[in-house]
């Protein structure tokens, strides 16, 4: 009895270790599914069979549990002797019922195996039908895709050629028109610039001629004024020098005569003072009336008269000296008046020279004013010429600006057309790449469908299955075979166990 427990445990562990729903769910996963509906039908049929097998396995596990319970009951019966023998008949009947149930389960397992075989044949027929449908659909899809690809390629090539020709023609036309218009604009701009430069050059030449003539005239006037001023300065310096030399000479003469007259007068006065002193000594009186008396007395013919006559002579000499002194003073006054006259003449000459110098200075001021006015006129003429030049530049600037704007607009238009042409070329390149990618996808699809060619296109019933289907069928068959083997092994162990239990019960009875 003890040796039978490991066998039952191994059977239970074998049943418990059987792959469950997770293994069943992983059986039918395949990324290469062509006909989903047929595949789903096949998968549902296989899942139903596996679920039935699982249900039968559960029944077998229940039978095994019942057998275990029966064995425990038999042990109790064997330990309790007679009551156990009474219960043995019941256990035997229950074992028989369980054996019958196990046989029924075995029959159901056989039926399941038969149904699996029929299912395998049905699945093969379904696969053949699915293959036929798939072949038809693939043929239709292939023809449709090939026609569509050819049509798309032809339409794309035609559109690309048309767009390329259209944009090339438009680009060539616009480029030619743009080049012609730009050449015309360049010619107009160059012509207007040449005219403007010619006018500016003429204006500059005229302004330079007038400016040089005005400068020459101003230089001549300045030279004349300078020479005239220098001549006036020389004349004034000559007059001033001659007047100064004449005044110096007259002053020296007057000073000399004054010195001489003063010296002579001083000598006469000295002599007169000496004679007067002698007379006073002789007369002993200082009054002027004595002189008359002496004169009257001197007329007498005596010695005293002679002395008086001598004195009278001295007095007369003194009077003459006084008269000479008066004459010298008169001459000195005349010389002084002459000197004053000379000074007045020199002053008049100097004043006239100053007036002439003033007139010359005023004339020089007038010449300077004239020169300044001439310079102002030249500056105003230059400003007028510059203003005229600015006006001409402003008059030419607007047409020049419009020409530049027109040229820029044409350049931008040509660039836009060239951009459109380039965009069309890019679109054509993208369309070509799209067609190439579509053709590449079709090539890859044909390569992927090539293993299916013997089965789908050639329709050879003896042709080998494609690798994905072959792997799928092999995996399903392997898993079903393993499950059925485990079910058969469990049923065999249950049957053997039931037989051994019945044999032991019979031997005990």
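Residue numbers (this note's numbering): 8 to 516.
For glycine and all other residues, C-beta sits at the position ideal for the given N, C-alpha and C.
This one's a predicted model, so the numbers in the text were calculated from it and none came from an experiment.
- Distance between residue 414 and residue 383, taken at the CA atoms: about 45 Å.
- In the assembly as shown, residue 57 is a buried residue. Its beta-carbon has 16 or more other beta-carbons within 10 Å.
- Distance check between residue 219 and each of 396, 389, 150 and 352 places 389 closest, using alpha-carbon atoms only.
- Rounded to whole angstroms, the Cβ separation of residue 206 and residue 399 is 6 Å, and the two are in contact under 8 Å.
- Remark: C-beta atoms of residue 410 and residue 195 approach each other more closely than 9 Å.
- Taking 9 Å as the cut-off, the beta carbon of residue 213 is found closer than this to the beta carbon of residue 392.
- Leaving aside the five residues that flank residue 450 on each side, none in its chain has a CB nearer than 6 Å to its CB.
- Within the same chain, Cβ atoms closer than 8 Å to the Cβ of residue 224 are found at 381, the five residues on either side in sequence being excluded.
- Straight across, the Cα-Cα distance linking residue 486 with residue 165 is about 57 Å.
- If you draw a straight line from the Cα of residue 408 to the Cα of residue 375, it comes to about 47 Å.
- Taking each of 377, 347, 51 and 198 in turn and checking the Cα distance to residue 255, the smallest one comes out for 347.
- The residue among 226, 372, 263 and 161 with its C-alpha nearest the C-alpha of residue 443 is 161.
- Counting other Cβ atoms within 10 Å of its Cβ, residue 53 reaches 16 or more and is therefore classed as buried.
- Residue 490 counts as buried, since at least 16 other C-beta atoms from the protein chains shown sit within 10 angstroms of its C-beta.
- Per the coordinates, the alpha-carbon of residue 395 lies some 11 Å from the alpha-carbon of residue 211.
- Straight across, the Cα-Cα distance linking residue 492 with residue 154 is about 53 Å.
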